Amino acid sequence: MSAVAAPRASALIFVAALLQTAIVSSLVLAGGAPDLLLVVVVCLGLLRGSVPGAIFGFAGGLVVDLLTLDTLGVTSLVLTLAGFCAGRYGETTGRGSRLAPLVAVGVITVLAGLFGFTLHYLLGEAVVARDALFTALAPALVMNLVLAYPVHALVRAAVGERTTLEPSAEVEVVV
Amino acid sequence: MPRNRARSAALGVTVRRVPTTQHPRTTRAVRRRLVVGSLVLLALVLITLSFRPGSDGPLTGFQSAGSTALRPFAVGLERVAQPFRDAYDWVDSLLGARSDAEELRAEVRELRQRAIQNEFAGQENAYLRRLLRYLDGPRFPDDFDAVAAEVIGRPAGAFTQAIVIAAGSREGVRVNDPVVTADGLVGLVTRVSSHTARIQLLTDQEAAVSAVDVRTGAPGIVRHARGTRETLVLDRVRKLEVIEVGDEVVTAGWRASGFSSLYPKGILIGEVTSVGQTDTDLYQQVQVDPYVDFGSLDAVLVLVPAGRSR
Chain A
1 MSAVAAPRAS
11 ALIFVAALLQ
21 TAIVSSLVLA
31 GGAPDLLLVV
41 VVCLGLLRGS
51 VPGAIFGFAG
61 GLVVDLLTLD
71 TLGVTSLVLT
81 LAGFCAGRYG
91 ETTGRGSRLA
101 PLVAVGVITV
111 LAGLFGFTLH
121 YLLGEAVVAR
131 DALFTALAPA
141 LVMNLVLAYP
151 VHALVRAAVG
161 ERTTLEPSAE
171 VEVVV
Chain B
176 MPRNRARSAA
186 LGVTVRRVPT
196 TQHPRTTRAV
206 RRRLVVGSLV
216 LLALVLITLS
226 FRPGSDGPLT
236 GFQSAGSTAL
246 RPFAVGLERV
256 AQPFRDAYDW
266 VDSLLGARSD
276 AEELRAEVRE
286 LRQRAIQNEF
296 AGQENAYLRR
306 LLRYLDGPRF
316 PDDFDAVAAE
326 VIGRPAGAFT
336 QAIVIAAGSR
346 EGVRVNDPVV
356 TADGLVGLVT
366 RVSSHTARIQ
376 LLTDQEAAVS
386 AVDVRTGAPG
396 IVRHARGTRE
406 TLVLDRVRKL
416 EVIEVGDEVV
426 TAGWRASGFS
436 SLYPKGILIG
446 EVTSVGQTDT
456 DLYQQVQVDP
466 YVDFGSLDAV
476 LVLVPAGRSR
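First to last, the protein sequences are chains A and B. With the working numbering applied, the first sequence covers 1 to 175. With the working numbering applied, the second sequence covers 176 to 485.
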């Protein structure tokens, strides 16, 4: 990651984490709220790759856990994996696809939701499955999908897109 | 190029892997896995340390310091966001106001209904307690057992002064059994089926009970007062008897020549509310206000002779 993109991405993640905890999480519609930070992390992963996606996901999660005084590491773990998966998708099958932001945000929202609820359940925090999976997750998915393209465009404008592509397996063709 | 030549050239292609050296792709993959693995491990360590019981865990200080450092940002953003949040809440409350109002109206209806039911249950409870006290008290007539029964039918109109109770021949109720409450005499059983019975109220035109004034012992017959709905008169009281307003009237319970009154002696009927007489009339005109409120009977006691087989 370039010397310009890294600070910008850090600032972006920091602002997104603040916005998520201060404003976005309270915009509850039909029982669920959008997850701006998750969408930003996914878009960062898509545009900059799996390693930056994982690193910024971890950092964003840590900020959220510090701000909310939640169990440290839970959000970091979820967002690390979210950023990494988005990055791998962007590096492989999603490369160059116009639908990539939508697909990545949709799939990762559902997976992150399920993983987050499982983590909370394992940690002994009461999670009512019906509320968690239907009441909260479905509206959050819709709102995240709505945010996908605008946030993707914003992140692209802020940090740019990685131009050096990972080379494929090389073969020598002898005729 | 001739077509056949091109095909043979393509089929003749041999593909050979580039000699294996430390490829940049492999390095990247290793680096990637290392970074992600480290981050996941770090997150798990954080969760483990953070989740340890006790307020002074190893990460408490770090979390506290981090939270303190981030607090100014959070507060600043909170202040900036507050007007927008208020606007959002206002719009949201407007959107939800109609459904909220409908829900609240339904809730009010339900609570009102429940309050009424509770009120009725309370009244019924007090009524039944009084019946029980009467049953165990000294005023309950000897030689009688009581069959408690719920009132399940009320007077159908102004001309019918009868009720239906949920007890019948199976419970030992027979025709002409007297019916009472803790307040006093209610009436007489006039019809019986296996599980229900019809009670002729004291306020019926055809009801008549031999009674006495408790203070003077003056005998008479309690009947329904014509032209009224729930007022009684003590008829056939001789003019020489000195009846006063406020006197209590109870059943006489006479017994003579092998015959006896249908009602046991001493059951409260009512209180004298007016006394009058005319020169032409042979008897006094004594008006009696019944103790029993015939309009709000919930349960009654049917007096059955002790030892009657059911």
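Just so you know, even glycine gets a beta-carbon here, dropped at the ideal spot from N, CA and C. Since this is a predicted model, take the numbers as computed values, not measurements.
Could you tell me which residues DSSP pairs with Ser385 (chain B) in its beta bridges? B:Ile396
Going by DSSP in three states, Ala185 (chain B) sits in which element: helix, strand or coil? Because the pLDDT of Ala185 (chain B) is 49, which lies under 50, any placement of that residue in the model is unreliable, and the question is left without a value.
Which residue or residues does DSSP assign as beta-bridge partners of Phe319 (chain B)? B:Pro480
From Glu325 (chain B) to Ser385 (chain B), what distance separates their C-alpha atoms? For Glu325 (chain B) and Ser385 (chain B), the gap between their C-alpha atoms comes out near 27 Å.
Residue span of the beta strand (DSSP E) that contains Glu346 (chain B), given as start and end: Careful: Glu346 (chain B) lies outside any beta strand (DSSP E) and carries neither H nor E.
Since Ile23 (chain A) and Arg254 (chain B) should fall inside the 8 Å C-beta cutoff, what is the C-beta to C-beta distance between them, to a whole number of angstroms? Contact flag wrong, Cβ pair sits at about 12 Å.
Assuming Glu419 (chain B) contacts Val450 (chain B) (C-beta within less than 8 Å), just tell me the rounded distance between them. Yes, Glu419 (chain B) and Val450 (chain B) are in contact; Cβ-Cβ is about 7 Å, under 8 Å.
Given Ala138 (chain A) as reference, the closest of A:Ala6, A:Ala17 and A:Asp35 once Cα atoms are compared: Comparing Cα positions, the closest option is A:Asp35.
Closest Cα partner of Asp468 (chain B) within the set B:Val350, B:Gln462 and B:Ile444: B:Ile444
CB contact below 8 Å: Gly359 (chain B) versus chain A: no
Gly362 (chain B) and Val322 (chain B) look like a contact to me (Cβ under 8 Å); what is the Cβ gap, rounded to whole Å? About 15 Å; that fails the 8 Å criterion.
Go ahead and pull the three-state DSSP assignment for Ala372 (chain B). strand
Quick one: does Arg207 (chain B) have its CB under 8 Å from some CB of chain A? yes
Quick one: what's got a C-beta closer than 7 Å to Ala82 (chain A)'s C-beta in the same chain, skipping five residues either side? So the list reads Leu38, Val41, Val42, Gly57, Ile108 and Ala112, once near-sequence residues are dropped.
For Ile166 (chain B) and Thr371 (chain B), which I take to be in contact (beta-carbon distance under 8 Å), what is that distance rounded to the nearest angstrom? The requested residue 166 (chain B) is not part of the displayed model; chain B covers only 176 to 485.
Listed by chain order, chain A residues near Glu294 (chain B) by CB distance under 9 Å: Here the premise fails: no neighbours, minimum Cβ distance about 37 Å.
At the 8 Å Cβ level, is Arg260 (chain B) part of the contact set with chain A, yes or no? yes
Got a sec? Which residues, its chain only, sit under 7 Å from Gly428 (chain B) by beta carbon, not counting five neighbours each side? Ser436, Tyr438, Pro439, Lys440 and Gly441
Report yes or no: is there a C-beta of chain B within less than 8 Å of the C-beta of Phe115 (chain A)? Closer than 8 Å: no.
Contact set for Ala16 (chain A): own chain, Cβ-Cβ below 6 Å, skip 5 residues either direction: Within the same chain, Ala16 (chain A) has close Cβ partners Leu36, Leu37 and Val40.
For Ser398 (chain B), does the count of other Cβ atoms within 10 angstroms reach 16, so buried, or fall short, so exposed? One detail in the question is off: residue 398 (chain B) reads as Arg in this sequence, not Ser. Flag for Arg398 (chain B) reads buried.
What residue range is occupied by the uninterrupted beta strand (DSSP E) comprising Ile23 (chain A)? No beta strand (DSSP E) contains Ile23 (chain A), which DSSP labels as neither H nor E.
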